[in-house]
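Peer 1: For the sequence shown, our numbering begins at 34 and goes up steadily by one. Cβ atoms here follow ideal geometry from the backbone N, Cα and C, with glycine treated the same way. Supplied in structure tokens, the structure appears directly below.
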Amino acid sequence: MYSVLLVDDEPLILSGIKSLLNWEANDCKIVDTARNGQEASDKIRALEPNIVFCDINMPAMSGIDLLQLISRDYPSIVFVMLTNLQDFDLVKNALHYRAVDYLVKSQLEPDVLEHSLTNAKKEWDNRNLLNNADYIKNQGKVIQELLWKEIFLRPTPQALSNAPLSDNGHPFDLESYTAIYLIMDYSLQDHTKDHGELFTWEKDLVNAMAQKHFSSFSLFEPDHSSDSLVILCSTPRDPRAFKQLMEQFYQKLCSSSANITQVSICMMAAECFHGLQAMADCRAQLFAMVDHFYNTEQPFLLGSNITPISYMSLGLTGISSHLLEALREKNAVRCKSLLDKAASRIQNINHERNSAIWLCSELYTTVAEIFHKSIPDTRLSTYFSQSENMLDQIEHMHTRSQILDWLEHLNKCTISAIEQANADRCSFVDSAKQYVEDHIEERISLSDAADYVNISPAYLSSIFKKRYGESFIDYVNKCKMEYACKLIKERKYLIYEISFRLGFNNAYYFTKTFKRYTGLTPMEYQNALKNDEVK
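Written out as structure tokens, the structure reads:
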């Protein structure tokens with residue numbers, strides 16, 4: 034059953050069209066009505082009807098504007114325009130935007146409406162037949178791309194047996210072929226631009242260039258990074274012709290990318306291989322070239338020209354544990370030393386890219402574990418809290434210099450976070466001390482002071498002891514005893530009055546605490562004052 038939307042600003046016209054036909058007998062259902070173009074646009078997007086009967090002249094958005102908008106986003110929806118005699122200039126525009134018919138409102142009759150509806154249904158069927166054909170064709174390309182991706186990335190016997198046929202029915206030309214790895218560098222782009230959209234444009238551009246240069250090829254994404262592509266393509270056997278073809282393809286692609294997308298391209302092309310069984314060797318060489326590119330940063334590499342590199346271990350086993358220990362101590366010097374050591378190893382040792390990616394992921398995760406919630410600075414807290422985005426960014430780094438730049442930034446952010454944490458720690462402790470001074474004649478607990486400075490009691494206890502070498506409660510009692518000595522010297526209060534004034538529950542505990550800090554009981558201290566034995 035076909036779904037129909039009626040659009041007109043005149044309720045009388047809407048009612049008339051509804052009542053002119055038995056819509057169900059015509060295999061149709063009126064799903065809704067709209068009184069203006071904007072309302073119709075919203076309902077079309079929500080309901081996606083097959084056929085729209087639409088007035089040409091309406092407030093808010095005209096029927097022509099609506100038709101133009103919808104035909105772009107929903108090309109299979111069929112429009113029949115409703116018009117008055119004076120609207121024929123608008124009718125021409127409507128037909129230009131693929132309206133299937135137009136009806137004069139004053140001449141609407143059941144047979145005229147039914148005839149127009151029949152034409153609209155046929156048009157909808159035709160449009161969807163074409164759309165389905167395009168869909169099937171596109172799906173075929175997608176399936177072929179996925180099959181070649183599977184064959185190349187995992188060249189198992191089962192995958193090799195599923196090698197797809199090309200469009201002309203013959204096997205993909207594997208008599209002589211190579212694999213090309215393309216890396217897109219977005220660093221020259223405005224950071225506000227969507228890299229996903231740029232990648233789609235670049236992929237279309239690569240596809241167009243490949244069609245001009247290779248007799249048969251398959252293009253696919255090796256991962257979901259939106260910054261790399263692999264081309265599996267047939268090539269000439271002659272080494273000179275092969276080299277010339279690769280250089281020409283790279284130059285043309287770089288030139289087109291610079292003009293159209295402003296994306297920089299780096300390209301690695303494996304040597305020429307022969308036969309499906311050599312696919313695993315082709316893959317191994319190409320990904321070895323990716324590591325070679327990581328270390329040398331040469332923008333154009335041919336497999337026949339690369340010099341083998343001996344890769345070594347970075348020798349940084351356990352660095353994350355040492356870093357975590359330094360972070361917990363808020364030791365900026367040690368943290369910087371460890372991160373500098375990591376950068377030095379990256380810079381001076383030839384290593385596989387995956388080792389650097391793993392190292393950066395470990396270091397970031399370690400630092401973020403400490404700082405992702407505790408830094409007031411918005412910039413730093415954002416940097417350390419967006420772990421998923423940052424780990425994804427790390428995976429997209431393709432060169433040693435990118436890794437080094439990233440490590441330098443991590444180092445700066447880490448030191449800033451430590452300095453801020455230490456400054457905050459001093460501020461918290463100073464505020465807690467001030468709280469003690471201001472409330473010396475009250476009962477003071479660790480929880481009360483922690484609430485006052487807005488941190489947890491455990492954290493206050495920890496940072497207070499680290500800074501002053503004594504517990505917070507010992508400091509409180511010391512301050513109270515110093516104040517008690519002052520009150521005793523004034524000779525205005527009895528001992529039990531001083532005890533009560535300082536928030537002690539009983540004189541016995543006050544006496545015990547006083548002796549622990551002064552070496553004398555309050556009475557002994559009072560007598561010593563009389564004898565000038567204490568100051």
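Nearest to aspartate 237 by CA position, among Asp256, Ile264, Thr211, Ala212, is which residue?
Peer 2: For the residues Asp256, Ile264, Thr211, Ala212, the minimum Cα distance to aspartate 237 belongs to Ile264.
Peer 1: Using a Cβ-Cβ cut-off of 6 Å (strictly less than) and excluding sequence neighbours within five positions of valine 400, which residues of its own chain qualify?
Peer 2: So the list reads Thr447, once near-sequence residues are dropped.
Peer 1: When the Cα atoms are used, what is the spatial distance from aspartate 106 to lysine 76?
Peer 2: Near 14 Å, if we compare the C-alpha coordinates of lysine 76 and aspartate 106.
Peer 1: If we ignore side chains and look at the alpha-carbon of each, how far apart do asparagine 510 and isoleucine 521 end up?
Peer 2: Near 16 Å, if we compare the C-alpha coordinates of isoleucine 521 and asparagine 510.
Peer 1: Less than 9 Å between the C-beta atoms of tryptophan 56 and isoleucine 110, yes or no?
Peer 2: Contact: no.
Peer 1: From leucine 198 to leucine 141, what distance separates their C-alpha atoms?
Peer 2: With a pLDDT of only 47 at leucine 198, under 50, the local geometry of the prediction cannot be trusted, and no value is derived from it.
Peer 1: Does the stretch 481–498 touch the stretch 516–532, meaning 3 or more C-beta pairs lie closer than 8 Å?
Peer 2: They do not touch, by the three-pair rule.
Peer 1: By how many angstroms is the C-alpha of valine 37 removed from the C-alpha of asparagine 201?
Peer 2: Its pLDDT being 40, under 50, asparagine 201 is placed unreliably by the model, and nothing is read from it.
Peer 1: Residues in the same chain with beta-carbon distance under 8 Å from alanine 389, minus the five sequence neighbours each way, listed in chain order, please.
Peer 2: So the list reads Tyr327, Leu347, Ile379, Met430, Arg433, Ile436, once near-sequence residues are dropped.
Peer 1: Within the same chain, show all residues whose beta-carbon is closer than 7 Å to that of cysteine 287, passing over the 5 residues directly before and after it, in chain order.
Peer 2: Ile298, listed in sequence order.
Peer 1: Figure out for me which residue from Arg386, Ala483, Met94 has the closest Cα to the Cα of cysteine 321.
Peer 2: A quick correction: the sequence has alanine, not cysteine, at residue 321. Comparing Cα-Cα distances from alanine 321 to each of Arg386, Ala483, Met94, the minimum goes to Arg386.
Peer 1: How far does the alpha helix (DSSP H) with isoleucine 293 in it reach, from first residue to last?
Peer 2: Looking at the DSSP string, the run of the alpha helix (DSSP H) that includes isoleucine 293 is 272–293.
Peer 1: For leucine 527, count neighbouring C-beta atoms within 10 Å of its own C-beta (all shown protein chains included) and say buried if the count is 16 or more, exposed if not.
Peer 2: By the 10 Å Cβ count, leucine 527 comes out exposed.
Peer 1: Note the first and the last residue of the continuous alpha helix (DSSP H) segment covering cysteine 315.
Peer 2: That run of the alpha helix (DSSP H) goes 312–329.
Peer 1: Taking cysteine 518 as part of the alpha helix (DSSP H), name the residues at either end of that continuous run.
Peer 2: Here the alpha helix (DSSP H) through cysteine 518 covers 505–523.
Peer 1: Can you have a look at tryptophan 234 and say buried or exposed, based on whether 16 or more other CB atoms are within 10 angstroms of its CB?
Peer 2: Burial call: exposed.
Peer 1: Quick one: Cα of histidine 148 to Cα of alanine 93, how far?
Peer 2: Whole-angstrom Cα-Cα distance: 30 Å.
Peer 1: Go ahead and pull the three-state DSSP assignment for tyrosine 107.
Peer 2: Of the three classes helix, strand and coil, the one that applies to tyrosine 107 here is coil, per DSSP.
Peer 1: Output the distance between the C-alpha atoms of alanine 212 and glutamate 230, rounded to the nearest integer angstrom.
Peer 2: Whole-angstrom Cα-Cα distance: 25 Å.
Peer 1: Quick one: measure Cβ to Cβ for alanine 302 and cysteine 315, integer angstroms, because I've assumed they're closer than 8 Å.
Peer 2: Actually they do not touch by this definition, with Cβ atoms about 11 Å apart.
Peer 1: Between Val85, Ile496, Ser449, which has its C-alpha nearest valine 366's C-alpha?
Peer 2: Nearest option by C-alpha distance: Ser449.
Peer 1: Give me the Cα-Cα distance between alanine 73 and valine 133, rounded to the nearest whole angstrom.
Peer 2: One C-alpha to the other measures close to 18 Å.
Peer 1: The ligand GTP and alanine 241: does any heavy atom of the ligand fall closer than 8 Å to the residue's C-beta?
Peer 2: In the structure on display, the ligand GTP does not appear, and there are no ligands present to speak of.
Peer 1: Would you mind reading off the limits of the alpha helix (DSSP H) that contains methionine 423?
Peer 2: Methionine 423 -> alpha helix (DSSP H) spans 420–428.
Peer 1: Which residue marks the beginning of the alpha helix (DSSP H) containing leucine 562, and which one marks its end?
Peer 2: Residues 555–563.
Peer 1: Within a Cβ cutoff of 6 Å, which residues of the same chain sit near glutamine 71, ignoring the five residues on either side of it in sequence?
Peer 2: The answer, listed in chain order, is Ala93, Met94.
Peer 1: Under DSSP, the beta strand (DSSP E) around valine 263 begins and ends at which residues?
Peer 2: Taken as a continuous stretch (DSSP letters only), the beta strand (DSSP E) holding valine 263 covers 261–267.
Peer 1: On the three-state DSSP scale, how would you describe cysteine 61?
Peer 2: Residue state, collapsed to three classes: strand.
Peer 1: So the candidates are Val40, Ser460, Ser478; which of them puts its Cα closest to the Cα of lysine 138?
Peer 2: Comparing Cα-Cα distances from lysine 138 to each of Val40, Ser460, Ser478, the minimum goes to Val40.
Peer 1: Of all the options Lys563, Asp565, Asp507, Asn117, which has the alpha carbon lying nearest to the alpha carbon of phenylalanine 547?
Peer 2: Closest by alpha carbon: Asp507.
Peer 1: In chain order, what residues of the same chain lie with their CB nearer than 6 Å to the CB of leucine 53, ignoring the 5 residues before and after it?
Peer 2: Closer than 6 Å at the Cβ level, and outside the excluded window around leucine 53, lie Pro143, Leu146.
Peer 1: From the DSSP output, which residues share a beta bridge with tyrosine 35?
Peer 2: Beta-bridge pairing links tyrosine 35 to Cys61.
Peer 1: So the candidates are Glu208, Asp463, His405; which of them puts its Cα closest to the Cα of serine 249?
Peer 2: Answer by Cα proximity: Glu208.
Peer 1: For serine 494 versus leucine 479, is the C-beta spacing smaller than 9 Å?
Peer 2: Against a cut-off of 9 Å, the Cβ pair of leucine 479 and serine 494 comes out as a contact.
Peer 1: Does the Cβ of alanine 291 have 16 or more other Cβ atoms within 10 Å, making it buried, or fewer, making it exposed?
Peer 2: Exposed, by the Cβ-count rule.
Peer 1: Please list, in chain order, all residues of the same chain as proline 82 whose beta carbon is under 7 Å from its beta carbon, the five residues on each side excluded.
Peer 2: Ser36, Val37, Leu38, Val64, Ile110.
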